[in-house]
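Trainee:
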Amino acid sequence: MSLTTASPLTAEQVAEFSHVLYKARREALEVEPLTKSFTDFSLDQAYRIQAHGIQKRLADREKIIGYKMGLTSKAKMEQMGLHKPIFGVLTDQMQIASSSTFSLKNKIHPKAEPELYFITARELRGSLAPEDALAACARVGVALEILDSRYKGFKYFTLPDVVADNSSSAYFVLGESVNPSSSSSFLNLKIEILQDDQVIHSDTSNAILGNPLLSLCELVKLLDEQNLTLPAGSIVLAGAATAAIELKAPQKITAQLEGVGSVSFRVEA
Ligand code: OOG
Ligand code: MG
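Residue numbers (the working numbering): 4 to 272.
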């Protein structure tokens, strides 16, 4: 299965595949990876399927409020067996208030992971240096991302499959944040995920591409490849610093970022 020889998808196939994933999400059904049950396709084509799925959500009156980066740490690359940063789109329907309760009803197989987030103060485009990214950040904070892949057993095997599925995104919770006056605001900070107040995974913020600002730069570069810019006021999840943990009820999930603060939610059946 070589990605370079994948034949282009027709507009009908893009619409069909995005519909399969849309229906799986809405009905909390698992589906086979698209590259397994249909045909092989490239990463570029996967972003077309992702964008088509986002258009369907916009038609459902959702609004784009930011982006998530994925596979930006070794721990995540190893957990998923995939080794290249990717992005997904965040809509307002995906955001959950901090300290709220998350129901497992109508979910497939959700997992949580600890992340840093940025809120940008101005539009960003093209190729950026970390200092440019820093200068454009209004806030940096700690977040929990709740992933829920639409693929059977949370296994998709190929990057195009996960990208088509909006990079497994489902929900996210933003926690405490600071005004990043310098990059020391978030370099080399301990970041942890806790289950019922017990630390399950721990690493440092540098686990994210060596410097989480590089995740923001990478997102802007990936968007530019599709002639897109990152609007001012966007929320950007930088990608998990550690592996994700499965959600089960009852459970309390917390993420802590040294010197910045924490975020948590409770899981109910
Ligand atoms: C892909 C999404 C990865 C992250 O933070 O690395 C991601 C997945 O794990 O299914 O969100
Ligand atoms: Mg993530």
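All C-beta atoms, glycine included, are put in the ideal place defined by N, C-alpha and C.
1. What do you get for P253, buried or exposed, if any count of 16 or more other CB atoms within 10 angstroms of its CB means buried?
2. Quick check: is the beta carbon of N230 nearer than 8 Å to any beta carbon in chain B?
3. Taking the alpha-carbon positions, what's the K26 to D168 distance?
4. Quick one: is D151 buried, meaning 16 or more other Cβ sit within 10 Å of its Cβ, or exposed?
5. Is it the case that the Cβ atoms of N182 and R142 are separated by a distance below 8 Å?
6. Mind checking Y159: buried by the 16 CB within 10 Å criterion, or exposed?
7. Name the residue from Q259, A54 and A31 whose alpha carbon lies nearest to the alpha carbon of E3.
8. Is any non-hydrogen atom of the ligand OOG found closer than 7 Å to the C-beta of S171, if you look at the structure I gave you?
9. Can you give me the Cβ contacts of I52 inside the same chain, cut-off strictly under 6 Å, excluding the 5 residues immediately before and after it?
10. When you compare each of T161, A235 and G156 to L273 by their alpha carbons, which one comes out closest?
11. Measure how close the beta-carbons of E116 and A241 come, nearest whole angstrom, since I'm counting them as under 8 Å.
12. For the structure I just gave you, are there three or more beta carbon pairs, one from the segment 195-206 and one from the segment 253-268, closer than 8 Å?
13. List in chain order: all unbroken beta strand (DSSP E) runs of 3+ residues lying wholly within the segment 98-141.
14. Secondary structure at T257, three-state DSSP: helix, strand or coil?
15. Quick one: complete alpha helix (DSSP H) runs, 4+ long, within the segment 23-99?
16. State whether the segment 123-138 contacts the segment 223-237, with contact taken as three or more CB pairs (one from each stretch) at a distance under 8 Å.
17. Cα separation between L6 and S172?
18. S106 and E271 look like a contact to me (Cβ under 8 Å); what is the Cβ gap, rounded to whole Å?
19. Taking 7 Å as the limit between beta carbons, can you name the residues of its chain near D95, skipping five residues before and five after?
20. If you draw a straight line from the alpha carbon of H112 to that of Y70, how long is it in whole angstroms?
21. Is the CB-CB distance between L217 and P133 below 8 Å?
22. Mark P88 as exposed unless 16 or more other C-beta atoms lie within 10 angstroms of its C-beta, in which case mark it buried.
23. Curious, which full-length beta strand (DSSP E) runs of at least 3 residues does the segment 190-227 contain?
24. According to DSSP, is S5 part of a helix, a strand, or is it coil?
Mentor: For this structure:
1. In the sequence shown, the residue the question calls residue 253 occupies position 250. The residue is exposed, with fewer than 16 neighbouring Cβ atoms inside 10 Å.
2. Here chain B cannot be found, since the structure has a single protein chain.
3. The count along the sequence shown starts at 1 and reaches residue 26 at position 23. The count along the sequence shown starts at 1 and reaches residue 168 at position 165. Straight-line Cα distance between these residues: approximately 11 Å.
4. Translated into the one-based positions of the sequence shown, residue 151 becomes position 148. Buried, by the Cβ-count rule.
5. Residue numbering aside, residue 182 sits at position 179 when the sequence shown is read from its first letter. Residue numbering aside, residue 142 sits at position 139 when the sequence shown is read from its first letter. In contact: N182 and R142 (Cβ atoms closer than 8 Å).
6. Stepping through the sequence shown from its first residue, residue 159 is reached at position 156. Counting Cβ neighbours within 10 Å, Y159 comes out buried, since at least 16 surround it.
7. Limits of the chain in this structure are 4 at one end and 272 at the other, which puts residue 3 out of reach.
8. Here residue 171 is taken as the residue at index 168 of the sequence shown, counted from 1. Relative to the ligand OOG, the beta carbon of S171 is positioned inside 7 Å of a heavy atom.
9. Here residue 52 refers to the residue found at position 49 when the sequence shown is read from its first residue. V17, F20, S21 and A167, listed in sequence order.
10. In the structure displayed, the chain extends from 4 to 272; residue 273 sits before or after that span and is not available.
11. Along the sequence shown, read from residue 1 onward, the residue named residue 116 stands at position 113. Along the sequence shown, read from residue 1 onward, the residue named residue 241 stands at position 238. Going by Cβ atoms, the distance from E116 to A241 rounds to 11 Å, so no, they are not a contact pair.
12. The segment 195-206 is in contact with the segment 253-268.
13. 104-106 and 114-123
14. In the sequence shown, residue 257 corresponds to position 254, counting from 1. Strand at T257.
15. 37-40, 46-62 and 77-83
16. yes
17. Along the sequence shown, read from residue 1 onward, the residue named residue 6 stands at position 3. Along the sequence shown, read from residue 1 onward, the residue named residue 172 stands at position 169. Legend: pLDDT at L6 = 47, less than 50; position of this residue unreliable, value from coordinates given subsequently. Going by the C-alpha atoms only, they are around 23 Å apart.
18. Mapped onto the sequence shown, residue 106 falls at position 103. Mapped onto the sequence shown, residue 271 falls at position 268. About 5 Å separates the two Cβ atoms, so the contact holds.
19. Here residue 95 refers to the residue found at position 92 of the sequence shown. Counting only Cβ-Cβ distances below 7 Å, and skipping sequence neighbours, we find E65, K66 and I68.
20. To locate residue 112, count along the sequence shown from 1; it is residue 109. To locate residue 70, count along the sequence shown from 1; it is residue 67. Approximately 22 Å between the Cα atoms of the pair.
21. Taking the first residue of the sequence shown as 1, we reach residue 217 at position 214. Taking the first residue of the sequence shown as 1, we reach residue 133 at position 130. Their beta carbons are under 8 Å apart, which means L217 touches P133 by this criterion.
22. By one-based count along the sequence shown, residue 88 stands at place 85. Per the 10 Å Cβ criterion, buried.
23. 193-198 and 201-207
24. Here residue 5 refers to the residue found at position 2 of the sequence shown. Reliability of the predicted coordinates at S5 is poor, the pLDDT of 43 falling under 50, and the value obtained from them is presented with this limitation in mind. Here S5 sits in coil by DSSP.
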